[in-house]
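Taking this note's numbering, the leading residue of the sequence shown gets 20, the next gets one more, and so forth.
Quick notes on the structure that follows.
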Amino acid sequence: MATSRRIKELEVMVADVIVETPDTATLVLFTGNDRLEYSAGHFLTIDPHQFEALERFTSFLEDLKGRREPPRAYSMCSAPHERYLAVTVKEERYVSGLTKFPPLLSPLLTKRTTRGMRLVVTGFTGPYTLPADIESKANHIVHVCAGSGSVPNFSILKHALANHPTLRHTFVYSNKKWDDVIFRDELAKLAAQHPDRLRLLHTLTREEDERVFGPTVRKGRLNEALLREAIPSPSECVVYVCGPGISKFDLAAARQAGTAPPSRFLESVLADLKALGVPDKRVKREFYG
Ligand SMILES: Cc1cc2nc3c(=O)[nH]c(=O)nc-3n(C[C@H](O)[C@H](O)[C@H](O)COP(=O)(O)OP(=O)(O)OC[C@H]3O[C@@H](n4cnc5c(N)ncnc54)[C@H](O)[C@@H]3O)c2cc1C
């Protein structure tokens with residue numbers, strides 16, 4: 020089906036709000052009788068102008084920035100075979116001295132959205148999907164995510180476990196603390212249901228409770244050694260990397276300071292994958308600016 024036919028505006032109702040972590044919520048969306056045509060890994064967009072509660076912030080930010088606030092993209096955490104459509108949103112924080120503007124939409128979606136609320140969403144699109152012939156190209160999918168970067172990968176994982184029986188998965192997931200791990204229990208449940216097809220590898224950069232660490236929960240930043248462990252055969256896998264990367268704002272700030280922008284999660288994972296010999300065409304990436 021042509022992409023343009025899939026992109027449409029939908030009025031949806033929030034059927035449930037699931038608090039995943041202290042700063043992250045899943046919005047389960049009821050879409051009525053609309054037939055949903057999306058692929059695992061697709062995203063939808065939400066225009067902040069539709070929220071009366073944001074009106075003054077939106078106008079003020081538009082005055083400050085000198086441009087219209089664009090719709091924000093949110094990947095589906097649901098998979099197409101599931102009954103409801105769902106997105107998972109992590110609240111962006113304003114950090115005094117570091118963040119240029121207060122984040123507009125994610126605080127409302129995570130903290131002030133309630134059951135029964137109506138929203139207009141536009142969807143569905145995005146290149147971060149499994150090709151239909153994936154089983155002829157790979158036998159192993161390696162998911163490499165940080166923070167809310169797990170959202171499309173969770174959808175792809177659920178879809179592939181249900182529909183691509185020859186694929187094994189390794190889900191490498193970086194967070195600050197154990198309580199920041201989105202879908203923690205659902206991932207563990209899937210791993211228990213598919214012990215031969217799914218391996219989880221968490222890594223935590225700021226956890227102080229030693230009791231959480233073990234064979235599947237490592238300490239420290241995601242590095243080449245952990246990726247080497249996850250990828251024994253670089254030419255038989257396809258890697259799906261999703262997380263924060265250098266944004267256009269980082270680039271502008273670095274240009275002004277006359278420095279190079281520091282690598283973020285995405286750039287450092289891509290460099291490690293290159294060092295491990297994973298061919299570039301076997302690496303799919305989704306960038307959360
Ligand atoms: C394809 C895609 C899929 C995504 N999926 C998800 C998802 O599943 N879950 C999720 O939580 N997020 C996802 N995101 C991120 C999401 O779209 C939003 O970027 C995020 O929620 C922040 O939006 P906000 O309105 O709260 O913050 P914004 O108002 O967009 O602000 C974010 C940051 O940008 C800075 N900024 C904004 N404008 C400027 C400017 N003009 N100059 C300098 N700095 C500026 C702000 O200071 C702030 O630090 C996705 C992004 C993409 C591209």
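The beta-carbon is built from N, C-alpha and C at its ideal position, and this holds for glycine as well.
Query raised in the report: Between residue 307 and ligand 1, is the CB less than 7 Å from at least one heavy atom?
Result: yes
Query raised in the report: Taking Cβ positions, are residue 67 and residue 87 nearer each other than 8 Å?
Result: No. Outside cutoff.
Query raised in the report: Are there three or more Cβ pairs, one per stretch, closer than 8 Å when the region 23-38 is compared with the region 48-66?
Result: yes
**Report entry** Simplified DSSP assignment, three categories, for residue 116
**Finding:** Residue 116 sits in coil when the DSSP states are folded into three classes, being neither helix nor strand.
Report task. Identify which residue in 243, 131, 198 has its Cα closest to the Cα of residue 228. Result -> 198
Query raised in the report: Can you give the Cα-Cα distance for residue 213 and residue 240, rounded to whole angstroms?
Result: 27 Å
Query raised in the report: CA-CA distance, residue 151 and residue 304?
Result: 18 Å
Requested in this report: Between the Cα of residue 101 and those of 65, 141, 173, spot the shortest distance and give me the residue it belongs to.
Outcome: 173
Query raised in the report: So what's residue 250 in DSSP terms, helix, strand or just coil?
Result: Reduced to three states, the DSSP call for residue 250 is coil.
Query raised in the report: By Cβ distance below 6 Å, which residues in the same chain neighbour residue 69 in space, the five residues on each side in sequence not counted?
Result: 139
Query - Secondary structure of residue 259, DSSP reduced to three states - result: Taken through DSSP and simplified to helix, strand or coil, residue 259 comes out as strand.
Query raised in the report: Excluding sequence positions up to five away, which residues of its chain have a Cβ less than 6 Å from the Cβ of residue 20?
Result: Below a pLDDT of 50, predicted positions are generally treated as unreliable, and residue 20, at 44, falls in that range; no measurement from the model is reported.
Report task. May I ask you to check if the CB of residue 49 is nearer than 7 Å to at least one heavy atom of ligand 1? Result -> It does not: the Cβ of residue 49 is nowhere closer than 7 Å to a heavy atom of ligand 1.
Requested in this report: Assign residue 20 to one of three DSSP states: helix, strand, or coil.
Outcome: The predicted model places residue 20 with a pLDDT of 44, which falls under 50 and marks its position as unreliable; any figure quoted below should be read in that light. The answer is coil: DSSP assigns residue 20 none of H, G, I, E or B.
Query raised in the report: Beta-carbon separation of residue 223 and residue 196 under 8 Å?
Result: Between residue 223 and residue 196, the gap from beta carbon to beta carbon is short of 8 Å.
Query - Residue burial classification, residue 298 (beta-carbon count within 10 angstroms, cutoff 16) - result: exposed
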